[in-house]
Every structure is written in C-alpha cells, then in structure tokens.
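Undergrad:
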Amino acid sequence: MSSAGGQMERYESSKLYRIRHSMAHIMAQAVLEVFPEAKIAIGPPIEDGFYYDFELPRAVNEQDLNRVTKRMKEIIKGGFSFERRVVSADEALAMFANQPYKVELIEGLMAGNLDEYGEKRKDGEEVILTTYRQDSFEDLCRGPHVEKTSDINPDAFSISFKEPAGAYWRGDENNQMLTRIYGTAWETQEELEDYLQRLEEAKQRDHRKLGIELGLFAFSQLVGKGLPLWKPKGAVLRDTLERFLRDEQIRRGYTPVITPHIAKVDLYITSGHYPYYADSQYDPIDVDGEQFMLKPMNCPHHIQIYKSEHRSYRDLPIRMMEFGTVYRYEQSGELNGLTRVRGFTVDDAHLFVTPDQLLEEFIAVVELIQYVFNSLGLLDFKARVGVRDPESDKYIGADDIWEKATSAIIEACDRLGLQYTVEEGEAAFYGPKLDFIFRDVLKREWQLGTVQVDYSLPERFEMEYVGTDNKTHRPIMIHRAPFGSLERFIGILTEHYYGAFPLWLSPVQMAVLPVSNKVDAEAKALAAQLQAEGFRVEVYERGQLGKKIAEARGQRIPYQVILGQRDVENGTVSIRLRDDTELEPMPVSEFIAMARHVRDSRAMDLVPAQQ
RNA sequence: GCCUACGUAGCUCAGUUGGCAGAGCACCUUCUUGGUAAGAAGGAGGUCAUGGGUUCAAGUCCCAUCGUAGGCUCCA
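Laid out in structure tokens, this is it:
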C-alpha cells in the first residue's frame, strides 16, 4: 500500500482503490457483453484487487475469461468517463428491472437501510441512490471511481490469475450460489508482475509442498482426510517443540496432566460446548446405552481433575498443562494441509486462580508467550483483545462477569505495555480473550497463541476452593495456548522459515558428505560420533559430491559436513552451510563445540556471532 | 456442506478426433572413485483414484463415490 508523508493513506481513498473499483465495473460490462443473460450482483475492490459476482448460464472457462479480458482492454482504451448520477428509487427499480440482485439491493437500501452485504448500515445516513456509467454500462454504486477508463493501465491487471469461484449471494449459504470472478489490478505492469511473483513465492513456500519434500507428514485416504500422519522427520520437529515448551512451563510452575480422548456427552452438556457447537463436533458414539464423544476441547477434563480434590486457597494457583489432542468436525471444504485439520493437538493449559491472583497470572502467561515467540524468531506479531458482539446471543455468562473478565485483560495489556486492538465478536463463547496475530515473512497474518479469562465454566461446573475466611469461593480459569495447535503452528513455521528451520528444530541437523566412497567408513564413524553428541545426523553416500550437495541443499540441511581424504588425514571437516557459505576446514572437536553452542542457545544463525 | 476444476509410476508431468500406457527425477544392478548445485549404462516399477455405464474398443465420453486445489460458508 502506498503511503504519503509517512502517514498511511487510507486504502479507501487511494487511487488504487478507485482503479480496482472501476475495474469491477469494466469487468461487469465485458461479462454482460459475453453473457447477455448474466445477472450481476456486487463487485467491490478488495485487498490486491477486486471481484464481481454473477449469475451465469453456465460455468466460465479460460476462453471466456480471455474474451472478457480482451474486451476490458478495449473499454479501458476507449477512454469512457465515469458519470455519476443521483436516481430516485422508482427510476433505479425501472433501470434494473432485469437485474433481480440489483432490485433486491435497492429494496434493501430503501426499506431496511441494508448495505450491499445485507448488513444494517451503521452510519444511519439518509439513503441517496447513485449510479455510475461508463460506455454502455450503468451500475448502482456509491463510488468513487477514476475519472475515465483510460486512467487505468491496460497492462496492469489480470482476471485469470485465480480460478473463478463460487460465492453465496450476500454470503449466506442458504442463498443462490453465484460465480465470482476475481481480478487483480495495479498502477503499473511492474507492480502487477511483483504481485504475481509474490503469489508464486507463496506457492513455493506452501507447507503442503514442503511437507512432502522434507518428509514431515503425510495424509492417507484410509485414515481419513484432515487427519495428518507425522513422519519421523516431522515427529522429531514436533517433539522438539513440545519438549521446549514443556520444560519452559515446568520451570514456570506448571504441572503436566493427561486425559483421555473421549468422554461422555454429559461433560460437554455441562460445559456448554455441546449445544453451542453441535455442528462442529463428531457425532456421539453409543457405548452400552451411554453417549460418548471425541473431545473437542481439553478444558472440561482438566476441570474434572480440579474437582477430584477438595481445594483450598493455599493450593492456588494451579496450572495444568497437557498437549491434548482434540477432534472437531470441520466442513470438508475447509480442510487445508496442517493449518485446518480434524484432529489436532493443543499446547493447552488451564490455570485456576483466585481473584487476587488473576492479573499476575495473566501477565505471566503473556510473558511466557512472548518468550516462546521470541525464541522461535517470530518477532512480528500484534495483540487483539476479542470481546463479545453485543448483538449476538451465542455467549454464556452474566454481563457483569464479562465486564470483569474484559477489564482484567485490558488492564494486564496496559500493565505490559502491549499494543493491542479491541475487536467485537472475537470472544470465545465463555469469555473474552487475548489473541496473538503473527505476520509471516510474506506479511500474511495467522492467529497463533490465545489467552482467555473465564468465569463461566467454574460457575457451570460449580468449582470451589476454601478461602482464608473458611468460606467457599469460586476460582477463575485462564485458558491459554501459545502455539494454538501444533499442527497449524508447524505448518506456519515451515512456510515462515521456507523449510530452513533453526538448528535446534531441524529434523536433520547435519549430513556427512564423503568426497568419495573410499572414505565412506570414516564418514560413518564421524556420523556416529556426532550422533553420540546428540545431533541428528545422516550420511549421504549416493553419487558424486556435487550431487550430495545438491540434495543436502534441497533438504535444507544446516551443516553439510564434507569429509575427504585430506580431512581424514588432518582430522578436520569442511563445513558448508545451507546458505552456501563455506567455512575453513576445522578440527572435528571445534565443529562439535560450535554446533552444540548454536543448538543449545537456539540461535537462528548457524555460526556464532564472534566467529 | 456449496460452486468450479483436477486425480496417469514414490515425486513432477506428457498422453491428438476413443484404437498396444510414456518421459524426467527417485529406486535396484553394474561401471565410474570423485573436493563444493545432480557422472554413465542397464533394470524394475501402472487394475490410468474407486465403482458403474456408453462403445467393436475407454486413461480419453457419461454417472456416482472418494481425494485434492481455488473460492464461499464456518472456525471453540
């Protein structure tokens, strides 16, 4: 996005926005010329481009899009001006008599003051209907547009870079499915090419592609979709992450617990999960007349552990941790590699605290999350406080409880000096939460860690502790997960690092590359020595050295340990880093010391700074 | 779940209007014994996702199912 004078220009008032908005109209005109019977819906600018939704007589193909593109270029070159006109409702209804979606829009605007997405308009302003016309095409529209079509660069847009997509009218799955044609448009051809190249790079970085190449995970039709299988290299990566977090949590006073993967439906009826989230849970299993289900969350189980003993204020805070695997029935169309699956493991913990302890414990959790992100080199993240949507009734718990929880989160953020935004409708159903949104190297945003303050579940489960006053009190729960889910997190990490994990996380940390197979035996002995030092090592025995290097590079092996006759005689190794840096031959002991230091300090660089 | 497209060897892909199932890489064997981005030759590997249908004949056309991709919807 362009910026002016150091201050971010609002996208809505930028030239790019007007270009894209105008492109949507131009595309609609071209599509109507190719498909005269098409019905047009809406066509707004979006990030990086625009779209327009159509009801078409048949599926569009590449050829259609080429024809549309050709026609769009002609319209652009025609230099038609965009003419704004204020129209009365009757006039508009007459003009769009053949366009049912436009009629619905006009009626919505006049009667219910609904905007183009079917949402109640918030500004409450009086509705003025306006249209914009270019060439032969006039569309109901608020604007703004460029002055004339020739203000647009005919070589800086593309509509066939993405497959046409189905989209529900007004985003409601009960409505007609329309065909959405996406476009991208820029001021210059270079910007267009940059954008297309960024898309290409994202494709190269895709964890689904890298996951296969690096042997991290697999899916099986027989096991079922959305159920990842961790292969040895993925499993060691995941296990390393788990151990890192487990150790860190134990240092901070957490205690591990373990709970089963199924439980009686009654547990989730009590917790409130069952009625609210019936759609996204697996159907219950009948066992001897009782209903059991795969657990969609770990918290009710942990609550039962809390309740298994009589608790005193002296026991609190209790911090229970579990890498708990949960199962959720995601719609099949939503499944996506490791980032959206049907069975995944949450790095879960539940803290049970007194009101006095809440703030301190909340802050400690945020500090843990910051520490974890820092250790992994995830530096670009922002915090979002998710609060209730006041219009919705999907939440449980009384108003004053929500207010208490929300103000606790905001106070903790202020005390930590955290930059945060507050967003309505982003709360969990039982309480408000603080989410950490991570931006990866491609500037894509991912929701990772989450912390939730919960007064509701303690209430529903009638949790208690005895206070100093010898009376029973209700604990407060903090739900939190720094990674969110191990699956999604590793998918994101893979893309962020482009498969080149820091040494401590690399599935294979070093590969020994014998220069010829005359030194294969020595290479194996060296590998055994390195393995005994606790490193994950492979020996590459196939082909000539060049081929071994090519393969090791492809596998993003951090240290490529080259061993030839010369090295054997001198007791040295020649280290090549995965970024093609070649180090001077060094004694084996020196290499081990260096690698150990890099690994144990969880450094991002493969060579310590002082070297 | 919905719309659209796709599914051919472990991986990446070719396969004409329906007419004997292919390539590169990987794998196995042999040769080569090498110093920083893929040495050479040979071999093996397939119920063309699965099940039906049309046809003298189906990888190719039709239907269903499963899976995948891009969207929509959803995301505790």
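Throughout the first sequence, residue numbering follows this note's numbering, covering 8 to 618 in sequence. Ideal Cβ positions, reconstructed from N, Cα and C, are used throughout, including at glycine.
(1) Which of the three DSSP states is assigned to Tyr108 in this structure?
(2) For the candidate residues Arg349, Met470, Val38, Ala415, whose alpha-carbon lies nearest to that of Tyr189?
(3) Drop a sphere of 10 angstroms on the beta-carbon of His280, count the other beta-carbons inside from all chains shown, and report buried for 16 or more, exposed for fewer.
(4) Helix, strand or coil for Ser18, going by three-state DSSP, please let me know.
(5) With three or more C-beta pairs closer than 8 Å as the rule, is the stretch 407–425 touching the stretch 347–360?
(6) Below 7 Å CB to CB, which residues in the same chain sit around Tyr24 once its five sequence neighbours on both sides are set aside?
(7) Along the chain, where does the beta strand (DSSP E) containing Pro521 start, and where does it finish?
(8) If Ile556 sits next to Gln567, beta carbons under 8 Å apart, how far is it from one beta carbon to the other, in whole angstroms?
(9) Leaving out the 5 sequence neighbours to the left and right, which residues in its chain are closer than 8 Å to Gln612 when beta-carbon positions are compared?
(10) Which of helix, strand or coil does DSSP assign to Met117?
(11) Thinking C-beta only, is Ile497 closer than 9 Å to Arg245?
(12) Using C-beta distances below 7 Å, list every residue in its chain close to Gln211, excluding the 5 sequence neighbours before and after it, in chain order.
(13) Over what stretch of residues does the beta strand (DSSP E) that includes Ile265 continue unbroken?
(14) Would you call the CB atoms of Val473 and Arg326 closer than 9 Å?
(15) Can you tell me whether Asp607 is helix, strand or coil according to DSSP?
(16) Exposed or buried, what is Thr186 when buried is set at 16 or more other beta-carbons lying within 10 Å of its beta-carbon?
(17) Should the stretch 259–275 be regarded as contacting the stretch 296–315, the criterion being three or more beta carbon pairs within less than 8 Å?
(18) Is DSSP giving Gly432 helix, strand or coil here?
(19) Does DSSP put Gly438 in a helix, in a strand, or in coil?
(20) Leaving out the 5 sequence neighbours to the left and right, which residues in its chain are closer than 8 Å to Gly12 when beta-carbon positions are compared?
(21) Could you check which residue in Ala356, Val373, Asp461, Asp421 has the C-alpha nearest to that of Asp407?
(22) Going by other Cβ atoms of all chains shown within 10 Å of its Cβ, with 16 needed for buried, is Leu323 buried or exposed?
(23) Go through the stretch 222–281 residue by residue and report every complete run of the beta strand (DSSP E) that reaches 3 residues or more, in order.
(24) Suppose you measure from the CA of Leu217 to the CA of Phe490; what does that come to, to the nearest Å?
(25) Could you tell me if Tyr378 is buried or exposed, where buried requires 16 or more neighbouring beta carbons within 10 angstroms of its beta carbon?
(26) If you compare alpha carbons, which of Gln338, Leu147, Ala530, Leu500 is closest to Ala104?
(27) Over what stretch of residues does the alpha helix (DSSP H) that includes Gln204 continue unbroken?
(28) Check each candidate in Ala488, Ser492, Glu466 and name the one with the smallest Cα separation from His480.
(29) Report the residue ranges of all beta strand (DSSP E) runs contained in full by the stretch 436–509; include only those spanning at least 3 residues, in chain order.
(30) Please classify Asp400 as buried or exposed, where buried requires at least 16 other C-beta atoms within 10 Å of its C-beta.
(31) Could you check how far apart the C-beta atoms of Arg253 and Ala356 are, in whole angstroms? I think they sit under 8 Å.
(32) Rank Ala101, Val93, Arg177 by C-alpha distance to the C-alpha of Tyr124 and give the top, closest one.
(33) For Met601, collect the residues of the same chain with a Cβ closer than 6 Å to its Cβ; drop the 5 residues on either side in sequence, then sort them by chain order.
(34) In whole angstroms, give me the CA-to-CA distance for Arg422 and Lys109.
(35) If you count every other CB in all the chains shown that lies within 10 Å of the CB of Asp363, and 16 or more means buried, which is it?
(36) Can you tell me whether Pro514 is buried or exposed, with buried defined as 16 or more other CB within 10 angstroms of its CB?
TA: Inspection of the coordinates gives the following:
(1) In the first sequence, the residue the question calls residue 108 occupies position 101. In the structure shown, Tyr108 sits in a helix (DSSP, three-state: H, G or I).
(2) Looking up residue 189 in the first sequence gives position 182. Nearest of Arg349, Met470, Val38, Ala415 to Tyr189, Cα basis: Val38.
(3) Against the first sequence, residue 280 aligns to sequence position 273. Label assigned to His280: buried.
(4) On the first sequence, position 11 is the one that residue 18 refers to. At residue 18 the sequence reads Tyr, which differs from the Ser that was named. DSSP places Tyr18 in helix when its eight states are reduced to three.
(5) no
(6) By one-based count along the first sequence, residue 24 stands at place 17. Same-chain partners within the cutoff: Tyr18, Pro52.
(7) As a first step, residue 521 is located in the first sequence; it is residue number 514 there, counting from the start. Taken as a continuous stretch (DSSP letters only), the beta strand (DSSP E) holding Pro521 covers 517–521.
(8) Your numbering for residue 556 matches position 549 in the first sequence. Your numbering for residue 567 matches position 560 in the first sequence. About 6 Å; that satisfies the 8 Å criterion.
(9) Taking the first residue of the first sequence as 1, we reach residue 612 at position 605. One detail in the question is off: residue 612 reads as Asp in this sequence, not Gln. The residues are Val605.
(10) As a first step, residue 117 must be located in the first sequence, where it is residue number 110. DSSP places Met117 in helix when its eight states are reduced to three.
(11) The residue labelled residue 245 in the question sits at position 238 within the first sequence. The residue labelled residue 497 in the question sits at position 490 within the first sequence. Yes, the Cβ-Cβ distance between Arg245 and Ile497 is below 9 Å.
(12) Taking the first sequence and counting its residues from 1, the one referred to as residue 211 is at position 204. Nothing meets the Cβ criterion.
(13) As a first step, residue 265 is located in the first sequence; it is residue number 258 there, counting from the start. Looking at the DSSP string, Ile265 is not in any beta strand (DSSP E), and its letter there is neither H nor E.
(14) Position 466 of the first sequence holds residue 473. Position 319 of the first sequence holds residue 326. Cβ atoms of Val473 and Arg326: not closer than 9 Å.
(15) Looking up residue 607 in the first sequence gives position 600. The answer is helix: DSSP assigns Asp607 an H, G or I state.
(16) Position 179 of the first sequence, counted from the first residue, corresponds to residue 186. Per the 10 Å Cβ criterion, buried.
(17) yes
(18) Along the first sequence, read from residue 1 onward, the residue named residue 432 stands at position 425. Correct three-state label for Gly432: coil.
(19) The residue you call residue 438 lines up with position 431 of the first sequence. Residue state, collapsed to three classes: strand.
(20) Reading the first sequence from its first residue, position 5 is the one you call residue 12. With a pLDDT of only 38 at Gly12, under 50, the local geometry of the prediction cannot be trusted, and the value read off the model is given with reservation. Nothing meets the Cβ criterion.
(21) Working through the first sequence from its first residue, we reach residue 407 at position 400. Of Ala356, Val373, Asp461, Asp421, the residue nearest in Cα terms is Asp461.
(22) For the purposes of this step, residue 323 is identified with residue 316 of the first sequence, where counting begins at 1. Buried, by the Cβ-count rule.
(23) 269–271
(24) As a first step, residue 217 is located in the first sequence; it is residue number 210 there, counting from the start. As a first step, residue 490 is located in the first sequence; it is residue number 483 there, counting from the start. Whole-angstrom Cα-Cα distance: 20 Å.
(25) Numbered from 1 along the first sequence, position 371 holds the residue referred to as residue 378. Exposed, since its Cβ has fewer than 16 Cβ neighbours within 10 Å.
(26) Mapped onto the first sequence, residue 104 falls at position 97. Looking at the Cα atoms, Leu147 is the closest of the given residues.
(27) Here residue 204 refers to the residue found at position 197 of the first sequence. Unbroken alpha helix (DSSP H) run through Gln204: 196–212.
(28) Here the question's residue 480 lines up with position 473 in the first sequence. Cα-wise, what sits closest to His480 is Glu466.
(29) 440–446, 452–461, 483–488
(30) On the first sequence, residue 400 is found 393 positions in, with the first residue counted as 1. Burial call: exposed.
(31) Start at 1 with the first residue of the first sequence, and residue 253 comes out as number 246. Start at 1 with the first residue of the first sequence, and residue 356 comes out as number 349. That belief does not hold up - the Cβ atoms of Arg253 and Ala356 are roughly 10 Å apart, past 8 Å.
(32) Walking along the first sequence from the start, residue 124 turns up at place 117. Of the listed residues, the one whose Cα sits closest to Tyr124 is Arg177.
(33) As a position in the first sequence, residue 601 is number 594, starting the count at 1. Nothing listed; no residue qualifies.
(34) Residue 422 sits at position 415 when you count from the first residue of the first sequence. Residue 109 sits at position 102 when you count from the first residue of the first sequence. Spanning the two alpha carbons is a distance of roughly 51 Å.
(35) In the first sequence, the residue the question calls residue 363 occupies position 356. Classification of Asp363: exposed, given that the 10 Å Cβ count is below 16.
(36) The residue labelled residue 514 in the question sits at position 507 within the first sequence. Classification for Pro514: buried.
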